[in-house]
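Everything below concerns the one structure shown next.
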Amino acid sequence: MWIHTQTVLLALLAACPVAAGDGAAIPGDVTHVAAGRSRFDGRWSDFRLVITGICSPEHCFSSGRIEWVDGSIPGKSAVIKTAPVEELESVLVVRSIAFHPMQASQPASFEIDAVNTYTAQVGRITLTITGVGSYEAAFSGDPLNAPPDPAPPPDR
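Per my numbering, residue 75 is the first one in the sequence shown, and the count goes up by one each step.
Right, here's the structure in full:
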């Protein structure tokens, strides 16, 4: 029976583990992306929020970064600045993200809806883009802290 060389090669490659450049770094899968554009110092800037998901045997969590992109050459783009979204703190799982463009009195922002992987507390993180390479974060809800104690049962 004739077996194609390509089939054998693909089977061998699929059976062999592939190591990343840095053994300690386990890349996550991209779960959400939102892109936007805003004006800073008289110039337009393109940026995007990239959320990745990472799972261990015990739990999953999300990590994120905002990337500022130079797309001035048609058909090509390059990331010129990256800022990690430290507010996710490796305990939150991102459920959804949304971009809100700049308005007359409001700067551009991203909204992240997240849930705490340990406590199931939900909340929203608003990331306001303040310039190339910078943002400010504000929380709605309290996803990083323990849930409130349940109310005691009424006296009988």
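All C-beta atoms, glycine included, are put in the ideal place defined by N, C-alpha and C. Since we're looking at a predicted model, the values are computed, not measured.
Classification of residue i by the beta-carbon crowding that lies within 10 angstroms, buried from 16 upward
i      : result
Pro217 : buried
Gly212 : Reading the sequence as shown, one finds Ala at residue 212 and not Gly. Under this definition Ala212 is an exposed residue.
Ile25  : Residue coverage of the chain in this structure runs from 75 to 230, which leaves residue 25 outside it and unanswerable.
Ala152 : exposed
Glu210 : exposed
Gln195 : buried
Trp118 : exposed
Gly138 : buried
Val168 : buried
Val159 : buried
Asn219 : exposed
Ala188 : buried
Val124 : buried
Ser170 : exposed
Bounding residues of the beta strand (DSSP E) (the contiguous stretch that carries residue i)
i      : result
Glu132 : From DSSP, Glu132 is part of no beta strand (DSSP E); its letter is neither H nor E.
Val159 : No beta strand (DSSP E) holds Val159; DSSP gives it neither H nor E.
Tyr209 : Ser208 to Gly215
Thr204 : Val196 to Gly205
Ser183 : Ser183 to Asn190
Ala178 : No beta strand (DSSP E) contains Ala178, which DSSP labels as neither H nor E.
Inter-residue spacing [alpha-carbon to alpha-carbon] between residue i and residue j
i      : j      : result
Ile100 : Gly127 : With a pLDDT of only 37 at Ile100, under the threshold of 50, the placement of this residue in the model should not be trusted; the figure read from the coordinates follows. Cα to Cα, Ile100 sits roughly 11 Å from Gly127.
Ile186 : Lys155 : 21 Å
Ala172 : Lys150 : 25 Å
Gly207 : Leu166 : 23 Å
Val104 : Pro227 : 44 Å
Thr204 : Thr193 : 31 Å
Gly112 : Asp120 : The identity of residue 112 in the sequence shown is Ser, whereas the question assumes Gly. Spanning the two alpha carbons is a distance of roughly 7 Å.
Chain B within 8 Å of residue i, Cβ atoms only
i      : result
Ser164 : Protein chains in the displayed structure number just one, and chain B is not present.
Which of helix, strand or coil DSSP assigns to residue i
i      : result
Thr126 : strand
Asn219 : coil
Asp115 : coil
Asp155 : First, the amino acid is wrong: residue 155 is Lys here, not Asp. Here Lys155 sits in strand by DSSP.
Gly149 : coil
Ala108 : strand
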